[in-house]
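Here my numbering is used: the first residue of the sequence shown is 142, the next is one more, and so on.
These notes are about the structure you will find just below.
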Amino acid sequence: MLDDVKKVLIDEGALQKRVKELAIQITEDYRDKDLLMICILKGGVVFTSDLMKLINLPLAIDFMAVSSYGSSTKSSGVVRIQKDLDQEIEGKDVLIVEDIVDTGLTLHYLIENLLSRKPASLKVCCCLDKPERRVADIHVDYVGFNIPDEFVIGYGLDFAEKYRNLPYIGVLSENVYSK
Ligand code: 5GP
Numbered sequence: 142m143l144d145d146v147k148k149v150l151i152d153e154g155a156l157q158k159r160v161k162e163l164a165i166q167i168t169e170d171y172r173d174k175d176l177l178m179i180c181i182l183k184g185g186v187v188f189t190s191d192l193m194k195l196i197n198l199p200l201a202i203d204f205m206a207v208s209s210y211g212s213s214t215k216s217s218g219v220v221r222i223q224k225d226l227d228q229e230i231e232g233k234d235v236l237i238v239e240d241i242v243d244t245g246l247t248l249h250y251l252i253e254n255l256l257s258r259k260p261a262s263l264k265v266c267c268c269l270d271k272p273e274r275r276v277a278d279i280h281v282d283y284v285g286f287n288i289p290d291e292f293v294i295g296y297g298l299d300f301a302e303k304y305r306n307l308p309y310i311g312v313l314s315e316n317v318y319s320k
């Protein structure tokens, strides 16, 4: 599998260290709140599970799955909900947990959609951010790492549904695209 990775961008140790820092910050910020973490499937699942274990609060968790219409390389901003939440979020302190913000169009849709359900508060936590690619004007409250405009895999992120299980963030080798 290592042959499919051109380079390791963020190794396992750096990821775990940063996740711990984020968890400490979130624990502090949500101490007297009713925290509901919303994991965005599937990419957010590894980050969310590491993060939630380190947050020292009685939090709740729910899941949403969304997909963008359009080609895989060009985000259209039109988002379809494939799996909605199991619960109402009115009055809750909601934290969206995402794998990566790229154009920001997916998150823009999600934020508008969840705000209409009247949570007490709504914030966003992303493992990775590619600020160069931003199109939508969104605010991300907690960012793990800013990364350059490269297609990354691992730690929840896939290429054709594979590589989500890599314990680090890597850049995909060109020869995988031509396989
Ligand atoms: P946005 O709407 O911000 O353009 O797209 C966000 C979604 O695109 C992410 O949740 C992720 O599924 C996908 N995405 C964006 N950049 C990458 C990347 O470098 N690697 C992978 N595997 N997915 C990405």
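Note that beta-carbon positions come from the ideal geometry of N, C-alpha and C, so glycine has one too.
The structure presented is a predicted model; accordingly, all values stated were derived computationally and were not measured.
Check	Outcome
G297 and V186 closer than 8 Å at C-beta	yes
Meets three-Cβ-pair contact criterion under 8 Å: the segment 169-176 and the segment 242-259	no
Neighbourhood of M193 by C-beta, 7 Å cutoff - its chain only, sequence neighbours within 5 removed	M178, L200, I202
Identity of the residue in L198, Q228, K303, I241 nearest R274 by Cα	I241
Option nearest K158 by Cα separation, candidates Y171, E169, D191, D145	D191
Within 8 Å, strictly: CB atoms of Y250 and V220	yes
Sub-8 Å separation of V293 and I279 beta-carbons	no
K233 versus K264: straight-line alpha-carbon distance, rounded	11 Å
D270: CB within 7 Å of a non-hydrogen atom of ligand 1	no
Delimiting residues of the alpha helix (DSSP H) encompassing E153	153-170
Opening and closing residue of the beta strand (DSSP E) in which L269 lies	262-270
Simplified DSSP state of K259, which is helix, strand or coil	coil
Bridge partners - I179, DSSP secondary structure assignment	D203, I237
Distance cut-off 7 Å: V242 Cβ against heavy atoms of ligand 1	yes
Reference E153, options G245, A301, G295, closest by Cα	G295
Beta-carbon proximity list for K148, same chain, < 6 Å, skipping 5 on both sides	V312
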